[in-house]
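All you need for this note's numbering is the position in the sequence shown, starting with 1, plus 6.
Below: the structure, in structure tokens.
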Amino acid sequence: MASESTGEILKSLAVNVIIAASKGVGAFLTGSGAMLAETLHSFADCGNQLLLLKGVRATRRPPDRAHPFGYGRAMYFYSFIVALLLFFGGGVFSVYEGVHKLSHPEPVEDVAVALIILVVSIALEGWSTIGNVRVMNQRRGATGFLRYLRDTKDSDLIVVFGENSAAVLGLLFAMTALVLAYETGDGRWDAAGSIAIGLVLVCVATFLAREVKSLLVGEAADAALTRTLEELADLDPNVERVLNVLTLQQGPGEIVVAAKLKFRPGMDTDTLVEAINAFERALKARVPEVRWSFIEPDNVD
7 MASESTGEIL KSLAVNVIIA ASKGVGAFLT GSGAMLAETL HSFADCGNQL LLLKGVRATR
67 RPPDRAHPFG YGRAMYFYSF IVALLLFFGG GVFSVYEGVH KLSHPEPVED VAVALIILVV
127 SIALEGWSTI GNVRVMNQRR GATGFLRYLR DTKDSDLIVV FGENSAAVLG LLFAMTALVL
187 AYETGDGRWD AAGSIAIGLV LVCVATFLAR EVKSLLVGEA ADAALTRTLE ELADLDPNVE
247 RVLNVLTLQQ GPGEIVVAAK LKFRPGMDTD TLVEAINAFE RALKARVPEV RWSFIEPDNV
307 D
């Protein structure tokens, strides 16, 4: 799972380095505010992907005395920082640049060069986005795509997808703005393109921040895990019923489970301990993402 995420991040980073440099040349040649907004967006994406790589690396640290459940939530922290940088470094600045250009419109030049750069950029970003979607489709299984975006615990994947999708949409806005500004001779179209790009980035960043914040604060694992635990309890002759289940998504692919179970009466201590251990082994076999499980025998919740 981590290797897939790392591969997608590295692919997006390589694409954005090439695109950012190309857009920078285009912005210099045309004087376009929309191209400048796209250049800043791509450079911001490069920084964001480096942060995501740092997050992936942090999650690989083993548990220690200070962090007994490991460092899985580090990925959520870095993903949240990326969302903030996308909001302010990309979105807000692009809107500011557009408003400034709207007050002081300037004609755009060398549009042909800029359009070539934008077309190549769309192709590269599209290739990266398709690869990202392919990995997400493997992860989501039968779950609907939009539902997966809302419910997934893989914050690194949805952040990369959000950035790539915003990049493709932003490139289309930049291309449209450049053509309109050139054909009409009105630089305000270019300014409008910059504002549109900024608003796209603000919306995407807001969505990502909201989703990742929930994971960072502490979100329950998928409800399917609780159903699986209840199914195992029904099949276990030593368990009479499930009293309570608490789950916590500790990081991508890492879940903590605490459950109260009512076991059949008359079991001695050794038999009860073995029944608990057997139940935990069965649960982890069915759901490998369960890294920590705490089963408490009780009669009432």
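Just so it is clear, CB atoms sit at the ideal spot from N, CA and C, and this is done for glycine as well.
Keep in mind that this is a model prediction, so the values were computed, not measured.
Beta-carbon to beta-carbon, A120 and S38 are separated by about 6 Å, close enough to satisfy the 8 Å threshold. When C-alpha distances from Y77 are compared across F34, F86, R63, K266, the shortest belongs to R63. The DSSP-derived three-state label of E115 is coil. Under the three-pair Cβ rule at 8 Å, the stretch 255-267 counts as touching the stretch 71-86.
Per the Cβ contact rule, the stretch 288-305 is in contact with the stretch 231-245 (3 or more Cβ pairs under 8 Å).
When L267, E44, G13, T12 are compared, the shortest CA-CA separation from I24 is found for E44. L267 places its beta carbon 9 Å or farther from that of L241. By the 16-neighbour rule on beta-carbons within 10 angstroms, G199 is buried.
Between A215 and F93, the C-beta gap is smaller than 9 Å, which places the two residues in contact.
The shortest CA-to-CA distance from V31 to any of K17, A20, L46 is the one to L46. Under the 8 Å Cβ criterion, the stretch 48-64 counts as touching the stretch 14-23, having at least three qualifying pairs. Positions of the alpha helix (DSSP H) runs, each at least 4 residues long and wholly inside the stretch 82-114, are given as 99-109 in order along the chain. Measuring C-alpha to C-alpha distances from F213 to each of S85, V174, M81 identifies S85 as the nearest.
S299: member of the beta strand (DSSP E) spanning 296-303, first to last residue.
Q255 is bridged by DSSP to I261. Per DSSP, K29 has no beta bridge partner at all.
In the three-state reduction of the DSSP assignment, R270 falls in the coil class, being assigned neither a helical nor a strand state.
In its chain, beyond the 5 residues on either side, A183, L186, A187 have a beta carbon closer than 6 Å to the beta carbon of W195. When rounded, the separation of the alpha-carbon atoms in E246 and V306 is 12 Å.
About 58 Å separates the CB atoms of A40 and I301; that is not less than 8 Å, and the two are not in contact.
Under the DSSP assignment, A172 falls in the alpha helix (DSSP H) whose first and last residues are 161-190. With respect to the 9 Å criterion, E103 and T36 are not classified as neighbours on the basis of their beta carbons. Less than 9 Å divides the Cβ of T158 from the Cβ of R145.
Taking the C-beta atoms as reference points, L58 is found no nearer than 9 Å to D192. Shown here, N283 sits in a helix according to DSSP, grouped into three states. If you look at E217, you'll find it in the alpha helix (DSSP H) that goes 194-223. Of the residues assessed, K60 falls on the exposed side of the cut-off, its CB having fewer than 16 other CB atoms within 10 angstroms. Annotation for T158: no alpha helix (DSSP H) segment contains it, and DSSP assigns it neither H nor E. An exposed status is given to G147, since fewer than 16 other beta-carbon atoms sit within 10 Å of its beta-carbon. Straight-line measurement puts the Cα of V208 at about 37 Å from the Cα of W298. By the criterion of a C-beta distance shorter than 8 Å, S28 is surrounded in its chain by I123, V126, S127, once the five residues flanking it on both sides are discounted. Assignment of N244 by DSSP, reduced to helix, strand and coil, places it in the coil class.
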